[in-house]
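Read the structure below first, then the notes.
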Amino acid sequence: MLVTLARQAWEAVLAAMPRTVLRRLDDWARRHAQARAERRRNLMRQRA
Numbered sequence: 010m011l012v013t014l015a016r017q018a019w020e021a022v023l024a025a026m027p028r029t030v031l032r033r034l035d036d037w038a039r040r041h042a043q044a045r046a047e048r049r050r051n052l053m054r055q056r057a
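Residue numbering for the sequence shown follows the working numbering, starting at 10 and increasing by one per position.
Next up, the structure:
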């Protein structure tokens, strides 16, 4: 019940956001994921 309410609210927020903001968020998330993967690779290299 609460989860569906939260999801509906989130979808409403996403629908209200302009596309440019969504694209910026997407870019930020992708950059963050790349940085995390890079750190993980560096850690693996140090352990090996």
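Virtual Cβ for every residue (Gly too), placed ideally from N, Cα, C.
- For Met53, the enclosing alpha helix (DSSP H) begins and ends at 28–56.
- Ala24 and Leu34 have their alpha carbons spaced roughly 14 angstroms apart.
- A distance below 7 angstroms between beta-carbons, with the five flanking residues on each side excluded, links Arg49 to no residue of its chain.
- Within the model, the alpha-carbon separation for Gln55 versus His41 is close to 21 angstroms.
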